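Mapped onto our numbering, the consecutive letters of the sequence shown carry residue numbers 326 to 760.
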Amino acid sequence: MLIRLKSDSRTSCQNQSRETLAKLERTAMTSDPTDKTPGLPLEDNGILAKTAGPTSGHHRLRPLLLIPLFMLTLFTGGVLGMYFQPPGLRAFFNTTGLQPGAGTQTPIAVAMQQVSTQEEIAVISEGDVVALGRIIPLGDIVSVATPSGAGDARIAELKVAIGDVVEKEEVLAVLDNLPQLQSAVLSAKASLRVRDATLAQTIASNQASLGEAQALLERSQATATAAQADLVRVTSLLERGITPRAEYDRSVAAADEAQRDVNRAIATLSRYAAGSETVQADIAVAEANQEASRAEVARATQDLERAYVRAPDAGTVLDIHVRAGERPPSDGIIDLGDTSQMTVEAEVYQTMIGRVTIGDPVTVSAEALKKDLTGTVSAIGLEIGRQSITSDDPASNTDARVVDVIVTLDAPSSELARNFTNLEAIVRIDAGRVE
């Protein structure tokens with residue numbers, strides 16, 4: 326009986342342990358995975374905790390999957406709002422005073438009032454044509470460059486300053502190759518003096534030789550005359566038998582020799598006589614050398630101009646792009662313009678140019694001017710070109726086709742605009758109202 330009671334007691338304890346383990350397993354399966362409360366030790370009653378399985382982690386990844394979905398929704402809403410610009414978004418911008426695209430230099434979305442093209446606002450009212458233009462001197466701006474052939478010469482001295490009024494051919498700057506070119510001129514002039522002296526010496530030598538040949542001819546003729554007279558005398562004596570034959574032969578030989586001397590003297594005289602080929606050749610060579618030296622002087626004198634930068638026309642110095650000691654830039658060193666008469670170069674759209682005629686009154690306005698300028702259309706271009714004057718509006722058309730129209734300002738307006746070269750202005754042409 327005692328043994329049976331002990332066996333029943335052991336069996337009852339084992340059943341209680343199994344029930345306790347089953348309750349713990351059910352509690353672990355239904356508990357929160359994020360619960361950090363340590364589990365109960367399962368080694369009690371002789372049962373190990375390793376019988377409990379690991380907790381699954383897919384429940385922890387569910388919140389992370391919502392982040393990309395949120396970013397995609399935010400991006401899509403921004404694109405749709407920028408594209409459609411609904412009333413709510415416009416009300417927000419009107420309330421805050423912000424403008425679309427104002428935070429960047431290259432906006433992709435701008436305020437709705439800026440979207441209109443320049444072609445749409447080209448005509449303010451019927452008969453008026455509006456275009457962008459720039460104020461320029463009469464004949465535009467001239468960029469004065471260094472002379473051709475100046476090479477790598479640098480600026481030695483600037484003779485003018487900004488604002489100076491210069492005359493045509495006035496020296497604007499001097500290059501550092503001036504001493505070298507001056508030496509070339511001096512050398513060429515010295516060579517010319519040598520050639521001049523050589524020509525004079527050749528002419529004088531020919532004159533002296535001519536005199537000597539003339540004197541020699543006279544002596545030869547005198548000798549020949551005396552020899553001929555002696556031959557006549559000896560011949561007479563020979564005929565009378567007074568003179569031997571040998572004396573006669575000597576007289577004949579002497580007369581013949583004297584005549585040959587005369588002939589040689591005549592030939593020599595003809596060589597140095599004026600108009601002879603020999604004299605002309607000697608003088609021609611000397612004269613050719615003289616002309617070559619004169620050409621060298623002319624070339625060196627012309628090359629000397631490579632050291633000077635001169636004004637091509639009268640005008641005002643608008644800008645200087647170089648200083649003394651610097652190498653001249655390829656696009657010119659000085660900007661020059663005739664500011665005594667100012668004009669405006671307007672770029673009129675090709676669709677509007679047919680309404681513009683010579684003599685149309687024009688009004689020019691700009692923020693920098695105290696008042697509007699007035700003038701008339703004086704020239705209309707014959708070629709369609711690309712637009713070169715653009716506004717600051719990022720939505721403006723920068724590839725429009727335009728025609729250049731020149732507006733000549735009246736005297737008061739020209740005086741007011743003379744200090745505003747290249748100023749961008751708005752040009753309003755009263756088309757079809759020729760004054």
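Beta carbons are placed, not taken as given, at the ideal position from N, Cα and C, and that holds for glycine.
Model, not experiment: these values are computed from the prediction.
Beta-carbon proximity check, residue i vs residue j, cutoff 9 Å
{"i": "isoleucine 487", "j": "isoleucine 645", "result": "yes"}
{"i": "alanine 764", "j": "tyrosine 674", "result": "The chain is shown only over 326 to 760; residue 764 falls outside these bounds and no answer can be derived."}
{"i": "leucine 698", "j": "alanine 750", "result": "yes"}
{"i": "asparagine 747", "j": "threonine 664", "result": "no"}
{"i": "arginine 479", "j": "proline 653", "result": "yes"}
{"i": "valine 634", "j": "threonine 471", "result": "yes"}
{"i": "glutamate 670", "j": "aspartate 735", "result": "no"}
{"i": "valine 454", "j": "isoleucine 714", "result": "no"}
{"i": "arginine 518", "j": "alanine 617", "result": "no"}
{"i": "valine 689", "j": "glycine 706", "result": "no"}
{"i": "valine 647", "j": "alanine 475", "result": "no"}
{"i": "isoleucine 460", "j": "alanine 742", "result": "yes"}
{"i": "serine 534", "j": "valine 559", "result": "no"}
{"i": "alanine 649", "j": "leucine 483", "result": "yes"}
{"i": "leucine 594", "j": "glutamine 526", "result": "no"}
Same chain only: Cβ atoms within 6 Å of residue i, ignoring 5 sequence neighbours per side
{"i": "threonine 355", "result": "Because threonine 355 sits at a pLDDT of 48, beneath the cut-off of 50, its placement in the model cannot be relied upon, and the point is left open."}
{"i": "lysine 514", "result": "Val622"}
{"i": "glutamine 666", "result": "Leu463 and Ser739"}
{"i": "glutamate 545", "result": "Per the sequence shown, the amino acid found at residue 545 is serine instead of glutamate. Within the same chain, serine 545 has close Cβ partners Asp586, Val587 and Ala590."}
{"i": "arginine 631", "result": "Pro472, Gly474 and Ala475"}
Burial state of residue i (16 or more Cβ within 10 Å)
{"i": "asparagine 502", "result": "buried"}
{"i": "asparagine 588", "result": "exposed"}
{"i": "aspartate 685", "result": "buried"}
{"i": "serine 473", "result": "exposed"}
{"i": "methionine 407", "result": "exposed"}
Supposed contact pair residue j and residue i - C-beta distance, whole angstroms, cut 8 Å
{"i": "valine 687", "j": "valine 732", "result": "5 Å"}
{"i": "leucine 506", "j": "aspartate 628", "result": "5 Å"}
{"i": "asparagine 614", "j": "threonine 523", "result": "6 Å"}
{"i": "leucine 500", "j": "alanine 481", "result": "6 Å"}
{"i": "leucine 541", "j": "alanine 571", "result": "About 30 Å; that fails the 8 Å criterion."}
{"i": "threonine 548", "j": "alanine 592", "result": "Incorrect: roughly 16 Å between the Cβ atoms, too far for contact."}
Spatial distance of residue i from residue j (CA atoms)
{"i": "tyrosine 573", "j": "alanine 579", "result": "10 Å"}
{"i": "glutamate 492", "j": "phenylalanine 418", "result": "59 Å"}
{"i": "glutamate 672", "j": "glycine 458", "result": "6 Å"}
{"i": "leucine 456", "j": "arginine 619", "result": "The sequence as given places alanine at residue 456; leucine does not occur at that position. So the two alpha carbons sit approximately 59 Å from each other."}
{"i": "leucine 661", "j": "glycine 413", "result": "56 Å"}
{"i": "arginine 680", "j": "valine 752", "result": "15 Å"}
{"i": "glycine 710", "j": "arginine 624", "result": "43 Å"}
{"i": "threonine 682", "j": "serine 508", "result": "58 Å"}
{"i": "serine 516", "j": "alanine 606", "result": "21 Å"}
{"i": "glycine 536", "j": "valine 496", "result": "56 Å"}
Same chain, Cβ closer than 7 Å to residue i, five either side skipped, listed in chain order
{"i": "isoleucine 528", "result": "Ile608"}
{"i": "leucine 562", "result": "Thr568"}
{"i": "arginine 656", "result": "Contrary to the premise, residue 656 reads as aspartate rather than arginine in this sequence. Answer for aspartate 656: Ser468, listed in chain order."}
{"i": "glutamine 553", "result": "Ala580"}
Below-9 Å beta-carbon distance, residue i vs any chain C residue
{"i": "asparagine 614", "result": "In the structure shown, chain C does not exist; there is a single protein chain."}
The ligand ZN heavy atom lying under 8 Å from the CB of residue i
{"i": "arginine 415", "result": "Absence of the ligand ZN is noted for the structure shown, with no ligands found whatsoever."}
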